[in-house]
Amino acid sequence: MKKPWLGIGGAVFGLWLLSCTAAWADAFETPLPTGTIEWGLMAGYGLSNSLGASKSGIDFVTLLPRFGYVFAELGENPPWKGSLQAVVEAVPALVAFEESQTIYGGGFNLLLRYEIATGTRLVPFLEGGAGVLLSTPQSTEPTSQFRASQFNFTLQIAPGLRYFLSERTAVSLEYRFHHISDAGLTEKNPGINSDFVLIGFSILR
19 MKKPWLGIGG AVFGLWLLSC TAAWADAFET PLPTGTIEWG LMAGYGLSNS LGASKSGIDF
79 VTLLPRFGYV FAELGENPPW KGSLQAVVEA VPALVAFEES QTIYGGGFNL LLRYEIATGT
139 RLVPFLEGGA GVLLSTPQST EPTSQFRASQ FNFTLQIAPG LRYFLSERTA VSLEYRFHHI
199 SDAGLTEKNP GINSDFVLIG FSILR
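Structure representation (C-alpha coordinates):
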(Lines of atoms letter the chains of each structure in order from A and count residues from 1; the text may use other names and numbers.)
(Lines give C-alpha, C1' and ligand atoms only; values in the text may rest on other atoms or scores of the structure.)
Protein backbone atom coordinates (compact mmCIF):
# COMPACT_ATOMS: atom_id res chain seq x y z
CA MET A 1 0.00 0.00 0.00
CA LYS A 2 1.37 3.37 -0.98
CA LYS A 3 1.85 5.95 1.72
CA PRO A 4 1.00 9.38 0.26
CA TRP A 5 2.71 11.19 3.11
CA LEU A 6 6.03 9.79 1.90
CA GLY A 7 5.52 11.49 -1.46
CA ILE A 8 4.46 14.73 0.19
CA GLY A 9 7.43 14.56 2.55
CA GLY A 10 9.79 13.95 -0.35
CA ALA A 11 8.36 16.91 -2.25
CA VAL A 12 8.69 19.19 0.77
CA PHE A 13 12.28 18.07 1.32
CA GLY A 14 13.08 18.67 -2.35
CA LEU A 15 11.65 22.20 -2.22
CA TRP A 16 13.57 22.90 0.99
CA LEU A 17 16.81 21.65 -0.57
CA LEU A 18 16.22 23.76 -3.69
CA SER A 19 15.56 26.89 -1.63
CA CYS A 20 18.69 26.28 0.46
CA THR A 21 20.76 25.83 -2.69
CA ALA A 22 19.46 29.09 -4.13
CA ALA A 23 20.08 30.95 -0.88
CA TRP A 24 23.55 29.41 -0.67
CA ALA A 25 24.42 30.57 -4.17
CA ASP A 26 23.16 34.10 -3.42
CA ALA A 27 25.34 34.25 -0.30
CA PHE A 28 28.53 33.98 -2.37
CA GLU A 29 27.61 36.07 -5.41
CA THR A 30 29.40 39.04 -3.85
CA PRO A 31 32.86 39.36 -2.25
CA LEU A 32 33.31 39.34 1.52
CA PRO A 33 31.90 42.73 2.56
CA THR A 34 34.10 45.50 3.92
CA GLY A 35 34.30 45.24 7.68
CA THR A 36 34.27 41.43 7.81
CA ILE A 37 36.44 40.08 10.64
CA GLU A 38 38.12 36.69 10.42
CA TRP A 39 39.68 34.53 13.14
CA GLY A 40 41.62 31.52 11.95
CA LEU A 41 44.22 28.87 12.65
CA MET A 42 46.61 27.33 10.13
CA ALA A 43 49.11 24.50 10.49
CA GLY A 44 51.38 22.64 8.13
CA TYR A 45 54.65 21.16 6.99
CA GLY A 46 57.52 22.66 5.03
CA LEU A 47 60.75 21.49 3.41
CA SER A 48 63.67 23.74 2.47
CA ASN A 49 64.97 23.72 -1.10
CA SER A 50 68.30 24.58 -2.72
CA LEU A 51 67.17 27.79 -4.42
CA GLY A 52 70.01 30.30 -4.23
CA ALA A 53 72.39 29.55 -1.34
CA SER A 54 69.62 27.96 0.72
CA LYS A 55 70.43 24.72 2.56
CA SER A 56 68.02 22.00 1.39
CA GLY A 57 66.53 19.17 3.41
CA ILE A 58 65.41 21.09 6.52
CA ASP A 59 61.98 19.91 7.71
CA PHE A 60 59.60 22.44 9.26
CA VAL A 61 56.32 22.26 11.15
CA THR A 62 54.39 25.40 12.05
CA LEU A 63 51.28 26.68 13.80
CA LEU A 64 49.78 30.02 12.74
CA PRO A 65 46.88 31.71 14.57
CA ARG A 66 45.63 34.66 12.51
CA PHE A 67 43.32 37.67 12.49
CA GLY A 68 42.02 39.30 9.32
CA TYR A 69 40.01 42.40 8.41
CA VAL A 70 38.40 43.00 5.00
CA PHE A 71 39.05 46.64 4.11
CA ALA A 72 38.07 46.81 0.43
CA GLU A 73 35.96 45.20 -2.29
CA LEU A 74 37.42 45.23 -5.80
CA GLY A 75 36.00 44.92 -9.30
CA GLU A 76 32.46 44.50 -10.55
CA ASN A 77 32.89 41.42 -12.74
CA PRO A 78 34.92 38.18 -12.62
CA PRO A 79 37.78 37.40 -12.68
CA TRP A 80 38.79 40.49 -10.68
CA LYS A 81 35.69 40.73 -8.49
CA GLY A 82 36.89 40.09 -4.96
CA SER A 83 37.96 41.44 -1.60
CA LEU A 84 41.17 42.68 0.02
CA GLN A 85 42.01 41.61 3.55
CA ALA A 86 44.76 42.72 5.93
CA VAL A 87 46.04 39.81 8.04
CA VAL A 88 48.11 39.65 11.21
CA GLU A 89 49.55 36.16 11.65
CA ALA A 90 51.20 35.07 14.90
CA VAL A 91 53.98 32.48 14.71
CA PRO A 92 54.09 30.86 18.16
CA ALA A 93 55.79 27.80 16.73
CA LEU A 94 58.05 27.34 13.73
CA VAL A 95 60.13 24.24 14.40
CA ALA A 96 63.06 23.41 12.11
CA PHE A 97 64.57 19.93 12.14
CA GLU A 98 68.17 20.21 10.99
CA GLU A 99 70.54 17.25 10.69
CA SER A 100 72.19 17.74 14.08
CA GLN A 101 69.58 19.58 16.15
CA THR A 102 66.12 21.13 16.38
CA ILE A 103 65.64 24.89 16.11
CA TYR A 104 62.61 26.61 17.67
CA GLY A 105 61.36 29.89 16.22
CA GLY A 106 58.59 32.39 16.85
CA GLY A 107 57.45 35.76 15.57
CA PHE A 108 54.72 37.33 13.45
CA ASN A 109 53.74 38.07 9.84
CA LEU A 110 51.85 40.94 8.23
CA LEU A 111 50.02 39.77 5.10
CA LEU A 112 47.69 41.04 2.39
CA ARG A 113 45.11 38.63 0.96
CA TYR A 114 43.10 38.97 -2.27
CA GLU A 115 40.11 36.65 -2.64
CA ILE A 116 38.20 36.16 -5.89
CA ALA A 117 34.41 35.98 -5.57
CA THR A 118 33.31 32.99 -7.68
CA GLY A 119 29.67 32.79 -6.59
CA THR A 120 30.35 29.33 -5.14
CA ARG A 121 31.66 27.84 -1.93
CA LEU A 122 35.11 27.38 -3.52
CA VAL A 123 37.12 30.61 -3.45
CA PRO A 124 40.70 31.02 -4.76
CA PHE A 125 43.01 33.49 -3.07
CA LEU A 126 46.51 34.90 -3.17
CA GLU A 127 48.28 36.28 -0.13
CA GLY A 128 51.75 37.50 0.68
CA GLY A 129 53.75 39.62 3.05
CA ALA A 130 56.67 39.86 5.45
CA GLY A 131 57.46 39.10 9.06
CA VAL A 132 60.01 38.76 11.84
CA LEU A 133 61.37 35.50 13.26
CA LEU A 134 63.43 34.86 16.42
CA SER A 135 65.01 31.45 16.91
CA THR A 136 66.94 29.42 19.49
CA PRO A 137 69.36 27.77 20.00
CA GLN A 138 71.99 28.96 17.52
CA SER A 139 72.52 26.26 14.91
CA THR A 140 75.72 24.22 14.83
CA GLU A 141 75.35 23.69 11.06
CA PRO A 142 78.01 25.91 9.37
CA THR A 143 75.88 26.56 6.26
CA SER A 144 72.60 27.22 8.10
CA GLN A 145 70.91 30.61 8.26
CA PHE A 146 70.07 29.81 11.88
CA ARG A 147 73.82 29.84 12.58
CA ALA A 148 74.33 33.15 10.78
CA SER A 149 71.65 34.89 12.83
CA GLN A 150 68.98 34.17 15.44
CA PHE A 151 67.08 37.30 14.34
CA ASN A 152 65.67 37.00 10.83
CA PHE A 153 63.06 38.45 8.52
CA THR A 154 60.61 36.39 6.48
CA LEU A 155 58.99 36.87 3.08
CA GLN A 156 56.18 34.68 1.79
CA ILE A 157 53.70 34.35 -1.04
CA ALA A 158 50.88 31.83 -1.11
CA PRO A 159 48.19 30.85 -3.62
CA GLY A 160 45.39 28.75 -2.19
CA LEU A 161 41.76 27.69 -2.10
CA ARG A 162 39.13 28.30 0.53
CA TYR A 163 35.98 26.18 0.88
CA PHE A 164 33.04 27.65 2.80
CA LEU A 165 31.31 25.12 5.05
CA SER A 166 28.72 27.82 5.81
CA GLU A 167 28.48 31.57 5.37
CA ARG A 168 30.61 32.02 8.50
CA THR A 169 33.00 29.05 8.56
CA ALA A 170 35.57 27.86 6.04
CA VAL A 171 38.50 25.50 5.57
CA SER A 172 41.51 26.30 3.39
CA LEU A 173 44.47 24.70 1.65
CA GLU A 174 47.47 26.68 0.43
CA TYR A 175 50.98 26.35 -0.94
CA ARG A 176 53.35 28.91 0.57
CA PHE A 177 56.81 29.85 -0.65
CA HIS A 178 58.69 30.97 2.46
CA HIS A 179 62.02 32.83 2.69
CA ILE A 180 64.10 33.42 5.83
CA SER A 181 67.12 35.75 5.96
CA ASP A 182 68.58 38.57 8.05
CA ALA A 183 68.59 41.07 5.14
CA GLY A 184 72.39 41.26 5.15
CA LEU A 185 72.80 42.22 8.81
CA THR A 186 75.49 39.54 9.15
CA GLU A 187 78.45 38.75 6.89
CA LYS A 188 77.15 35.27 6.08
CA ASN A 189 73.50 35.31 5.08
CA PRO A 190 72.69 32.22 2.97
CA GLY A 191 68.96 32.37 3.70
CA ILE A 192 66.50 29.50 3.76
CA ASN A 193 63.93 29.02 1.00
CA SER A 194 61.15 26.55 1.74
CA ASP A 195 57.96 25.11 0.29
CA PHE A 196 55.05 24.80 2.74
CA VAL A 197 51.66 23.12 2.54
CA LEU A 198 49.19 24.59 5.04
CA ILE A 199 45.63 23.72 6.03
CA GLY A 200 43.38 26.06 7.97
CA PHE A 201 40.03 26.73 9.58
CA SER A 202 38.38 30.16 9.85
CA ILE A 203 35.39 31.79 11.51
CA LEU A 204 34.08 35.01 9.96
CA ARG A 205 31.79 37.62 11.45
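Here the working numbering = 1-based position in the sequence shown + 18. Backbone N, C-alpha and C fix where the C-beta goes; we use that ideal spot for every residue, glycine too.
Counting only runs of 3 or more residues that sit fully inside the stretch 44-124, the beta strand (DSSP E) segments are 55-66, 77-92 and 100-115, in chain order. The DSSP-derived three-state label of Arg223 is coil.
Residue burial annotation: Lys73 is buried, with at least 16 other C-beta atoms found within 10 angstroms of its C-beta.
Under the DSSP assignment, Ala135 falls outside any alpha helix (DSSP H); it carries neither an H nor an E label. Cβ-Cβ distances below 7 Å link Tyr87 to Ile55, Gln103 and Ala104 in the same chain, with the five nearest sequence neighbours on each side left out; the list follows chain order. Cβ-Cβ distances below 8 Å link Val113 to Phe78, Val79, Thr80, Thr120, Ile121, Tyr122 and Gly123 in the same chain, with the five nearest sequence neighbours on each side left out; the list follows chain order. Every unbroken stretch of the beta strand (DSSP E) spanning 3 or more residues and falling wholly within the stretch 136-191 is given here in chain order: 140-154 and 169-182.
Ranked by Cα distance from Leu183, the options Ile221, Glu117, Thr204 and Ile134 are led by Ile221. Per DSSP, reduced to three states, the secondary structure at Gly218 is strand. The way I'd put it, the stretch 204-215 does touch the stretch 63-73; three or more beta-carbon pairs between them come closer than 8 Å. Judged by beta-carbon spacing, Gly147 lies within the 7 Å limit of Asn127, meaning their Cβ atoms are closer than that value. Secondary structure of Leu203 (DSSP, three-state): coil.
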